[in-house]
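Chemist: Let me begin by handing over the structure; questions about it come next.
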Amino acid sequence: MTRSDTATRRGFLVKLGLLFNGAVGFALSIPIVRYVLSPVSGQSKPGYNSWLSLGSLDQFPTGQTRLASYRNPVVNSWDGQTAEIACWVRNLDGEKFQVFAINCAHLGCPVRWFPQSGLFMCPCHGGAYYQDGSRASGPPERGLFEYPYKIEERKLFIHAGEMPTPGPSANNSKGTSACV
Amino acid sequence: MRLVEQIGEWFDQRLQLAGQIRVVMAHPVPRETASWWYVFGSAALTVFLFQIATGILLALVYVPSAGEAWNSLQTLNHQIALGWFIRALHGWGSNFMLAIVVIHMLQVFLFGAYKFPRELTWIIGVFLLLMTFGMAFTGQVLRFDQDAYWGLGIGASIASRVPVLGPVLVKLLLGGPIIAGATLSRFFALHVFVIPGLLIAFVGLHVLMVLTLGVNEWPMPGRVVRRSTYVREYHELTAKDGVPFVPHAIWKDIVFSGLILLSIAACAVLLGPFGPGGQPDPTIIQTAPRPDTFFLWIYAVLSYLPPAAETPILLVGPAIGILVLLALPFVAGEGEKSWKRRPIAVLVILLMAVVFGTLTHLGEHTPWSPLMDAWSSEPVPAEYLRGRTPLQHEGALIFQAKQCHNCHSLGGQGGKRGPELDRVAVRLTPDQLVRQVIQGGGNMPAYGKNLSPAETTALVEFLETLHPAGQAPARALTQVGLEKP
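Laid out in structure tokens, this is it:
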């Protein structure tokens, strides 16, 4: 056997070994990628959103806007207080409601309701909204996010479970007009 | 002594490192580089090692769980002996590291050290800068308080604006549908494993390249870098006028690093640890979230960008900035190194200093944000009420009750969101005031639905009194005409 033969055969074995490792690596990468992407795929079925009770209608007097909170439907035992999410409930006339996300439509800071001036104001970058959630001034490009709601047995339910963000996903959850 | 030598030899027979270390220690560096200007890189390395040490100490107690992190920080601050001090060291160490890394970069830029053959050293340095900022942001998240919680909300909101991939990025950033335990866990993994691992690898490469390519010589006007001749010229310089790295250059590095560590300790003792602020409870909304000092400029940018331009600038701006930094050594890889022959470089640094300084200053004072409690905490100045009619007093009450004071200042007190109103009557006629109040405009919400006609009348009556004593309030031309005859 000549030297070059050995080199070729050894060289081939090295390449074969690398190929073998590549194949194993590729096979392993599939479960790893699925694991890493689990926060995204978890959304597909059954989905993050569900109908949640905000409690009895009596807590929300007609013509007023009140702070409410709910426990997020998808939680872990170590989430602590972060699983509690606040929202603003506006009772228009005892029948019609608006439930606004606490997050400013600009960059997600918690908006505060000022009943005297009928405005929601954001403490971060100065966004302001009217009582119906529409944009009044400041950097937000749109009105407050609204949760779809329904009333059953004198209880207020909202469809929620995801933090609303101003990107394209939020536009889907905006479609509340059908419910109102 | 003989024993120590024997032990040393025993180890080196097996490690075979002493020879290489001696070569590194003795390698000649240009004489002028044994300068106090050349100490920032080694100081950044020292603080990085210091951050690793203090970070490990904090990890002995810290619990990376959304439900417990805040409590474990309180325990560190109050229960564990000197836990507050270790937190303070790590927090101040972070600020010093950011500052030193930025100063190091400015010095490298001004001294032209990014030019041939050190382009890759600069590029790795750019990544090190980004990773240092990444450490600062993820570290701020681990201090899991209200600012951290809402800061994550801001991060998610920015990520959501990426076209197509936005919703996916938000979920990957948060580890789920909301800011919760999974979010903190992944930021813990980033802050403690991923970014430090990358930092160690990149810092190792960066330092290795400084040693193999040699320390950048002191830039002299007229000494021009050319790819064809630079390496030969550099070796001639170090051979002719070089000094051994140890001890000629390194003693200044060591002294400066010691001074920096002492300064960090002094800040930690005198000023204490950072936070944690309020509990990360999203139902507590009485909060005005703010980022740490080194991110305040971004905070200001986010407030001042016009709404329509915000998303493109947010997404494209950072990419352009990073590309410019990466492209620099390729665009200006040759030529003059001396700042005396590079006026644009000097101007760029001055401009950046002014821009970032101004934005940071604004970020500290947040003039764009309504002062949420001004309406109930800042009274209308007494001199604006003296000798006024009951209707005008009523107007002043409405000014307070309708939260006008949150955005408009009187006598220097109150919000800065809108214009100050001490002289508003000189600028606007009564009709213009009514229209502005009812319809809003500019950045002001319309108050038409929230003020009765009587309230509007009273408010405008009050605003009409806000003018300097010797200056008449503005009147419409028609009114002036009516008054004259």
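Which chain is which? The protein sequence lines are A and B, in order.
Mapping the first sequence onto this note's numbering, position 81 (from 1) lands on 84, and the numbers just tick up by one.
Mapping the second sequence onto this note's numbering, position 305 (from 1) lands on 309, and the numbers just tick up by one.
Ideal Cβ positions, reconstructed from N, Cα and C, are used throughout, including at glycine.
Keep in mind it's a predicted model, so treat the numbers as computed, not measured.
1) Can you list, in chain order, the residues of its chain with a C-beta nearer than 8 angstroms to that of Y73 (chain A)? Leave out the 5 residues immediately preceding and following it.
2) Please confirm whether L178 (chain B) has its beta-carbon closer than 8 angstroms to some beta-carbon of chain A.
3) I believe I402 (chain B) touches E459 (chain B) by the beta-carbon criterion, under 8 angstroms. Please report the beta-carbon distance rounded to the nearest angstrom.
4) Where does L327 (chain B) land, buried or exposed, given buried means 16+ other C-beta within 10 angstroms?
5) Kindly say whether L306 (chain B), judged by its beta-carbon, lies nearer than 8 angstroms to any beta-carbon of chain A.
6) Please specify which runs of the alpha helix (DSSP H), each continuous and at least 4 residues long, are wholly inside the stretch 439 to 471 of chain B, giving them in chain order.
7) So which of B:M139, B:S164, B:G185 and B:G170 has the shortest CA-CA distance to V196 (chain B)?
8) For V36 (chain A), go through chain B and note every residue whose CB falls closer than 8 angstroms to its CB, in chain order.
9) Does any residue of chain B have a CB that is nearer than 8 angstroms to the CB of G164 (chain A)?
10) If you draw a straight line from the C-alpha of V106 (chain B) to the C-alpha of N75 (chain A), how long is it?
11) Which residues does DSSP pair with M124 (chain A) in a beta bridge?
12) Specify the secondary structure class of H365 (chain B) as computed by DSSP and reduced to three states.
13) Hey, is T65 (chain A)'s beta-carbon within less than 8 angstroms of any beta-carbon in chain B?
14) Residues of chain A with a CB under 9 angstroms from the CB of R165 (chain B): which are they?
15) When you compare only the Cα positions, how much space is there between L176 (chain B) and A186 (chain B)?
16) Tell me whether K158 (chain A) sits in a helix, a strand or coil according to DSSP, three-state version.
17) For A163 (chain A), which beta-bridge partners are listed by DSSP?
18) Leaving out five residues before and five after H252 (chain B) in sequence, what residues of the same chain have Cβ atoms less than 6 angstroms from its Cβ?
19) Could you round the C-beta distance between W154 (chain B) and P113 (chain A) to whole angstroms and report it? I think they count as a contact, below 8 angstroms.
20) Against chain A, does Q283 (chain B) count as a neighbour if the rule is that its beta carbon must be under 8 angstroms from one of theirs?
21) Kindly list, in the order they appear in chain B, the residues whose Cβ is closer than 7 angstroms to that of E144 (chain A).
22) Look at the alpha carbon of T179 (chain A) and the alpha carbon of M166 (chain A), and state the distance between them as a whole number of angstroms.
23) Which of helix, strand or coil does DSSP assign to A28 (chain B)?
24) With contact counted as at least three CB pairs below 8 angstroms, one residue from each stretch, are the stretch 79 to 86 of chain B and the stretch 57 to 70 of chain B in contact?
25) Taking all protein chains shown into account, do 16 or more other C-beta atoms lie within 10 angstroms of the C-beta of W40 (chain B), making it buried, or fewer, making it exposed?
26) Taking only runs of the alpha helix (DSSP H) that begin and end inside the stretch 340 to 402 of chain B, which ones reach a length of at least 4 residues, in chain order?
27) Looking at chain A, is there any beta carbon in it that lies within less than 8 angstroms of the beta carbon of V421 (chain B)?
28) I believe A48 (chain B) touches H108 (chain B) by the beta-carbon criterion, under 8 angstroms. Please report the beta-carbon distance rounded to the nearest angstrom.
29) Residues bridged to Y66 (chain B) by DSSP?
30) Which residue marks the beginning of the alpha helix (DSSP H) containing Q138 (chain B), and which one marks its end?
31) Based on the DSSP secondary-structure assignment, which residues constitute the bridge partners of P152 (chain A)?
32) Please state the DSSP three-state secondary structure of P248 (chain B).
33) Alpha carbon to alpha carbon, what distance is there between T68 (chain A) and V183 (chain A)?
34) Output needed in chain order: residues of the stretch 93 to 123 of chain A with a Cβ under 7 angstroms from some Cβ in chain B.
35) A1 (chain B) by DSSP, collapsed to three states: which one?
36) Which chain A residues sit within Cβ distance under 7 angstroms of E314 (chain B)?
Modeler: Working from what's here:
1) L55, S56, L57, E87, I88, C90, I161 and A163
2) yes
3) 5 angstroms
4) exposed
5) yes
6) 457 to 468
7) B:M139
8) None at all; the shortest Cβ gap to chain B is about 12 angstroms.
9) yes
10) 42 angstroms
11) A:R115 and A:A131
12) helix
13) no
14) T168, P169, G170 and P171
15) Taken atom to atom, the span from the alpha-carbon of L176 (chain B) to that of A186 (chain B) is near 10 angstroms.
16) strand
17) A163 (chain A) pairs with A:S53.
18) If we look at H252 (chain B) and ignore the five residues flanking it on each side, its Cβ neighbours are A38.
19) 7 angstroms
20) yes
21) P311
22) With a pLDDT of only 37 at T179 (chain A), under 50, the local geometry of the prediction cannot be trusted, and no value is derived from it.
23) At residue 28 (chain B) the sequence reads Val, which differs from the Ala that was named. Reduced to three states, the DSSP call for V28 (chain B) is helix.
24) yes
25) Per the 10 Å Cβ criterion, exposed.
26) 347 to 369 and 378 to 381
27) The sequence as given places Arg at residue 421 (chain B); Val does not occur at that position. Judged by the 8 angstroms Cβ criterion, R421 (chain B) is in contact with chain A.
28) The beta-carbon distance between A48 (chain B) and H108 (chain B), rounded to whole angstroms, is 5 angstroms. This is short enough to meet the 8 angstroms contact definition.
29) According to DSSP, Y66 (chain B) bridges with nothing at all.
30) The sequence given here places Gly at residue 138 (chain B); Gln does not occur at that position. First-last of the alpha helix (DSSP H) with G138 (chain B): E123 to L146.
31) Note that residue 152 (chain A) is Tyr in the sequence shown, not Pro. In DSSP, Y152 (chain A) forms a bridge with A:I161.
32) strand
33) The predicted model places V183 (chain A) with a pLDDT of 30, which falls under 50 and marks its position as unreliable, so this point remains unresolved.
34) I105, N106, L110, G111, C112, P113, R115, F117, Q119, S120, G121 and L122
35) Only positions 5 to 489 of chain B appear in this structure, which leaves residue 1 (chain B) out of reach.
36) P142
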